[in-house]
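The block underneath contains the structure these notes are about, expressed in structure tokens.
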Amino acid sequence: VVAGDLLIGFDGKDLVNVAQMQNFLKTASVGNKVDIEIVRDGQRIPLTVTITERPDDISSLTGSAIGSKMASFGKNFYANGNKRQESPKATLLDFWATWCGPCRKTLPVLEELYNKYSSQGLEVIGISSEAKNTLSAFYKKQHASPYPLYRDADQGLWRRYGIHAVPTLMLLDSNGYIKRVWGGAPSYEMLEKLVLEVLNAGAK
Numbered sequence: 691v692v693a694g695d696l697l698i699g700f701d702g703k704d705l706v707n708v709a710q711m712q713n714f715l716k717t718a719s720v721g722n723k724v725d726i727e728i729v730r731d732g733q734r735i736p737l738t739v740t741i742t743e744r745p746d747d748i749s750s751l752t753g754s755a756i757g758s759k760m761a762s763f764g765k766n767f768y769a770n771g772n773k774r775q776e777s778p779k780a781t782l783l784d785f786w787a788t789w790c791g792p793c794r795k796t797l798p799v800l801e802e803l804y805n806k807y808s809s810q811g812l813e814v815i816g817i818s819s820e821a822k823n824t825l826s827a828f829y830k831k832q833h834a835s836p837y838p839l840y841r842d843a844d845q846g847l848w849r850r851y852g853i854h855a856v857p858t859l860m861l862l863d864s865n866g867y868i869k870r871v872w873g874g875a876p877s878y879e880m881l882e883k884l885v886l887e888v889l890n891a892g893a894k
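Residue numbers (the working numbering): 691 to 894.
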């Protein structure tokens with residue numbers, strides 16, 4: 691199956707809606723096979739496909755970070771790395787920079803959310819690629835964020851998720867999959883609503 695294929699049949703039946711696939715996949719296991727039918731270049735083509743593990747990074751398939759699993763962090767936490775949660779129910783990532791005005795406005799919002807909901811399973815991580823002395827000086831003299839702060843020294847995370855502007859925020863679910871991505875300084879009310887949706891889903 692390649693980009694541009696039109697899926698018209700699934701499990702021996704005409705495909706009417708996505709629920710048909712979802713219901714099948716709920717009981718299927720990795721390695722199971724399923725018959726599908728696609729249209730490619732005007733031709734109807736029957737195929738048998740094997741179910742595999744969900745890939746961690748689907749951004750190359752969808753053009754968006756949403757739906758991908760967040761990459762693991764390295765050891766470059768320069769503040770509060772000891773506050774990482776083992777199994778957070780929701781994670782809010784803040785790609786930011788010390789020179790960015792909207793980023794600075796976002797920091798108190800994130801701090802308030804973290805202080806209110808970290809005990810309920812919210813993790814917040816600030817991610818910047820600036821020099822360590824710049825970040826440390828900002829932390830000590832201007833804003834000591836209470837949540838973990840990470841230096842993405844080689845901008846690996848920025849490139850992987852196509853971060854082109856700051857602030858950019860990402861909201862992850864309890865399994866580490868990216869649920870939402872947005873840019874600009876959000877209001878507290880907006881962030882709280884989105885965070886609670888994921889926290890509540892993770893509590894079920």
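For glycine and all other residues, C-beta sits at the position ideal for the given N, C-alpha and C.
Compare the Cα-Cα distances from residue i to each of the options and report the closest residue.
i: Cys793; options: Phe714, Leu881 and Leu859; result: Leu859
i: Leu782; options: Leu715, Leu800 and Phe767; result: Leu800
i: Asp784; options: Val708, Gly702 and Ala855; result: Ala855
i: Val720; options: Gly732, Glu727 and Ile741; result: Ile741
i: Lys883; options: Ile817, Ser818, Asp731 and Tyr807; result: Tyr807
i: Pro736; options: His833, Ile698 and Thr824; result: Ile698
i: Leu812; options: Asn766, Val885 and Ile728; result: Val885
i: Val814; options: Gln712, Gly694 and Lys773; result: Lys773
i: Gly873; options: Leu696, Trp786 and Lys765; result: Trp786
i: Asn819; options: Gln733, Gly846, Leu881 and Lys765; result: Before going on, a small fix: residue 819 reads as Ser here, not Asn. For Ser819, the nearest C-alpha among the options comes from Gly846.
i: Gln733; options: Gly694, Lys765 and Asn823; result: Gly694
i: Pro857; options: Ala875, His833 and Ala843; result: Ala875
i: Lys765; options: Leu881, Ile726, Ala891 and Ala843; result: Ala843
State the CB to CB distance for the pair residue i and residue j, rounded to an integer number of angstroms; the pair is presumed to be in contact (CB under 8 angstroms).
i: Ser835; j: Leu797; result: 6 angstroms
i: Asp704; j: Val724; result: About 14 angstroms separates the two Cβ atoms, so there is no contact after all.
Using the beta-carbon count (16 or more within 10 Å), is residue i buried or exposed?
i: Arg849; result: exposed
i: Glu879; result: exposed
i: Pro838; result: buried
i: Ala769; result: buried
i: Ser877; result: exposed
i: Ser809; result: exposed
i: Gly816; result: buried
i: Leu862; result: buried
i: Arg902; result: The chain is shown only over 691 to 894; residue 902 falls outside these bounds and no answer can be derived.
i: Leu918; result: Given that the chain is displayed from residue 691 to residue 894, the structure contains no residue 918 and the question cannot be resolved.
Return the bridge partner residues of residue i from the DSSP annotation.
i: Ala769; result: Leu839
i: Thr781; result: Glu813 and Leu862
i: Pro736; result: Glu727
i: Lys759; result: Tyr867
i: Trp872; result: Leu859
i: Ser819; result: In the DSSP output, where bridge partners are listed per residue, Ser819 has none listed.
i: Leu697; result: Ile728
i: Lys703; result: Phe700
Expressed to the nearest angstrom, what Euclidean distance is found between the alpha-carbon atoms of residue i and residue j?
i: Pro778; j: Ser864; result: 6 angstroms
i: Ser762; j: Gly866; result: 10 angstroms
i: Ala718; j: Glu802; result: 42 angstroms
i: Trp789; j: Glu887; result: 31 angstroms
i: Arg870; j: Met760; result: 12 angstroms
i: Ile728; j: Ser826; result: 55 angstroms
i: Asn707; j: Ala780; result: 30 angstroms
i: Asp731; j: Val739; result: 19 angstroms
i: Leu715; j: Tyr851; result: 27 angstroms
i: Lys795; j: Phe767; result: 22 angstroms
i: Glu776; j: Tyr804; result: 16 angstroms
i: Leu889; j: Ile868; result: 14 angstroms
i: Lys933; j: Leu881; result: Not covered by the structure: residue 933. The range shown for the chain is 691 to 894.
i: Thr771; j: Ala821; result: The displayed chain sequence assigns Gly, not Thr, to residue 771. Computed Cα separation, rounded: 17 angstroms.
i: Gln712; j: His833; result: 46 angstroms
Is residue i near the ligand PLP, judged by its Cβ being under 7 angstroms from some heavy atom?
i: Gly732; result: With respect to small molecules bound, the structure shown includes none, and the ligand PLP cannot be examined in it.
Taking Cβ positions only, does residue i come closer than 8 angstroms to chain D?
i: Gly791; result: No chain D is part of this structure, which consists of one protein chain only.
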